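Numbering-wise, the sequence shown is residues 6 to 308 according to the numbering used here. In this text, a Cβ means the ideal position worked out from N, Cα and C, and glycines have one as well. Quick caveat: nothing in here was measured; it's all calculated off a predicted structure.
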Amino acid sequence: MASTNDPFQFQEFEEAGNLLEANRDATTISIEDDDMPERQRKAAGFIPDVDDEDPHASDDNTELLSGQKKSAPFWTFEYYQRFVDIETHHVKERIIGSMLPWPGKNFIHVHLRRSPDLYGPFWICTTLVFALAISGNFSNFLLNLDKPNHKYSPQFGKVTIAATAIFSYAWFVPLALWGCLLWRNNKIMNLVSYSFIEIVCVYGYSLAIYIPVVVLCIFPFEWLRWCSIVMALCLSGSVLVMTFWPAVREDYPKVIAAIMSAIVLLNVLLAVGCKAYFFSKPEAALSPAPSAALELTKAPSVT
Numbered sequence: 006m007a008s009t010n011d012p013f014q015f016q017e018f019e020e021a022g023n024l025l026e027a028n029r030d031a032t033t034i035s036i037e038d039d040d041m042p043e044r045q046r047k048a049a050g051f052i053p054d055v056d057d058e059d060p061h062a063s064d065d066n067t068e069l070l071s072g073q074k075k076s077a078p079f080w081t082f083e084y085y086q087r088f089v090d091i092e093t094h095h096v097k098e099r100i101i102g103s104m105l106p107w108p109g110k111n112f113i114h115v116h117l118r119r120s121p122d123l124y125g126p127f128w129i130c131t132t133l134v135f136a137l138a139i140s141g142n143f144s145n146f147l148l149n150l151d152k153p154n155h156k157y158s159p160q161f162g163k164v165t166i167a168a169t170a171i172f173s174y175a176w177f178v179p180l181a182l183w184g185c186l187l188w189r190n191n192k193i194m195n196l197v198s199y200s201f202i203e204i205v206c207v208y209g210y211s212l213a214i215y216i217p218v219v220v221l222c223i224f225p226f227e228w229l230r231w232c233s234i235v236m237a238l239c240l241s242g243s244v245l246v247m248t249f250w251p252a253v254r255e256d257y258p259k260v261i262a263a264i265m266s267a268i269v270l271l272n273v274l275l276a277v278g279c280k281a282y283f284f285s286k287p288e289a290a291l292s293p294a295p296s297a298a299l300e301l302t303k304a305p306s307v308t
């Protein structure tokens with residue numbers, strides 16, 4: 006039998022009812038009353054203090070729930086930060102992929118994964134500029150090493166020429182190609198489209214193969230230079246052709262031939278032009294003809 010003084014049994018407190026009967030003009034506060042003044046709600050502890058809340062918490066929660074991230078304006082540092090936020094092993098993977106292209110594999114789809122970077126292309130171009138200038142000067146030094154009357158003077162102007170050629174190729178050619186693909190995509194809707202940053206990334210990584218090639222060009226052997234340059238042209242050109250072929254293969258045949266020929270031709274012009282300027286043999290100084298030399302050394306005869 007349950008005890009009459011069970012502490013867990015629900016009990017009605019009649020004291021509050023008796024107080025209300027005694028003073029009917031008293032003001033009561035209900036938790037469920039929506040018209041309760043804000044000051045009373047705060048005093049009762051029903052409304053949290055707005056000043057204690059994080060103003061950015063609601064925005065962050067909204068972004069996390071919606072799965073969308075606000076894009077920063079292009080004039081801010083945060084906009085360009087995402088193009089250099091890349092792991093070292095990703096850069097190595099992309100460099101190896103540009104040096105060893107596999108048939109049928111698109112460089113953008115396999116290695117970039119819709120996350121292009123500018124960190125790798127920038128340092129590849131910068132390294133290639135200094136490697137080209139230093140190798141050209143050192144090759145000239147070795148070529149004239151056996152000449153006792155030759156006085157070596159470093160040509161610092163080659164750094165400027167190399168920087169102009171490399172960075173112009175790595176930026177202006179992708180810009181022209183991006184504009185051309187964008188124009189053709191507006192004409193034919195089912196073409197594959199690439200962003201400008203993706204094209205710059207492909208061109209930047211395609212120049213990585215030329216860094217060891219220009220180091221090999223230090224040795225004064227023409228057969229070694231041409232073999233290494235042709236090998237680099239084939240590997241670099243294969244990366245570019247296999248990457249941009251899906252973007253133009255649905256176009257007209259004449260447009261396809263023009264675009265792909267321009268891609269290959271500009272790559273060849275860069276390689277052959279750098280070889281001709283930085284690693285060409287200097288022209289031999291013109292020496293007087295043997296007959297002229299005999300006339301100059303011959304003493305005048307007295308008649």
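DSSP places Ile204 inside the alpha helix (DSSP H), whose first and last residues are Phe201 to Ser211. The C-beta of Asp256 has 16 or more other C-beta atoms within 10 Å across all chains shown, which makes the residue buried.
Rounded to the nearest angstrom, the Cβ distance from Gly141 to Phe283 is 3 Å, consistent with a contact under 8 Å.
A distance of 8 Å or more separates the beta carbons of Ala276 and Met104. Secondary structure of Val197 (DSSP, three-state): coil. Taking Asn272 as the centre and dropping the five residues before and after it, the same chain places the C-beta of Leu238, Ser241, Gly242 and Leu245 closer than 7 Å to its C-beta, in chain order. For Asn111, the secondary structure class from DSSP, reduced to helix, strand or coil, is coil. Nearest to Ile91 by alpha-carbon distance, out of Asn145, Pro126 and Gly278, is Pro126.
Pairing Pro153 with Ala136, the inter-Cα distance amounts to about 27 Å.
Annotation for Leu245: the continuous alpha helix (DSSP H) segment containing it runs Glu227 to Val253. With contacts defined by Cβ atoms closer than 8 Å, Ser144 and Ile223 form a contacting pair.
Around the beta carbon of Arg254, fewer than 16 other beta carbons lie within 10 angstroms, which makes this residue exposed. Under a 10 Å Cβ-count criterion, Thr93 is classified as exposed, with fewer than 16 other Cβ atoms of the shown protein chains found around its own Cβ. Classified as buried, His116 has 16 or more neighbouring CB atoms from the shown chains inside 10 Å of its CB.
In summary, Arg118 is exposed, with fewer than 16 beta-carbon neighbours lying within 10 Å of its beta-carbon over all protein chains present.
For the options Cys232, Trp228, Gly278 and Tyr208, the alpha carbon positioned closest to that of Phe249 is the one of Tyr208.
With fewer than 16 other CB atoms across the displayed protein chains lying within 10 angstroms of its CB, Ala262 is exposed.
Taking a contact as a CB-CB distance under 8 Å, the pair Ile268 and Thr132 does not count as one, their CB atoms being some 23 Å apart.
If you compare the alpha carbons of Trp107, Lys163 and Leu150 with that of Val134, the shortest gap goes to Lys163. Residue nearest to Tyr124 within the set Pro159, Leu187 and Val96 is Val96 (criterion: CA-CA distance). Judged by beta-carbon spacing, Pro251 lies beyond the 8 Å limit of Leu147, meaning their Cβ atoms are not closer than that value. Under the three-state reduction of DSSP, Lys152 is assigned to coil, being neither helix nor strand. Excluding five sequence positions before and after Ile234, the CB atoms of its chain that fall closer than 7 Å to its own CB belong to Val218, Ala276 and Lys280, given in chain order.
Going by beta carbons, Ile204 and Trp228 fall outside the 8 Å limit. Shown here, Leu123 sits in coil according to DSSP, grouped into three states, outside any helix or strand. From the listed residues Ile202, Ala167, Tyr157 and Asn190, the smallest Cα separation to Trp176 is found for Ile202. Buried is the label assigned to Ser211, since at least 16 other Cβ atoms lie within 10 Å of its Cβ.
DSSP places Pro159 in the coil class of the three-state scheme, outside both helix and strand. Distances from the alpha-carbon of Thr169 to those of Ala138, Cys232 and Leu270 put Ala138 closest. With fewer than 16 other CB atoms across the displayed protein chains lying within 10 angstroms of its CB, Cys232 is exposed.
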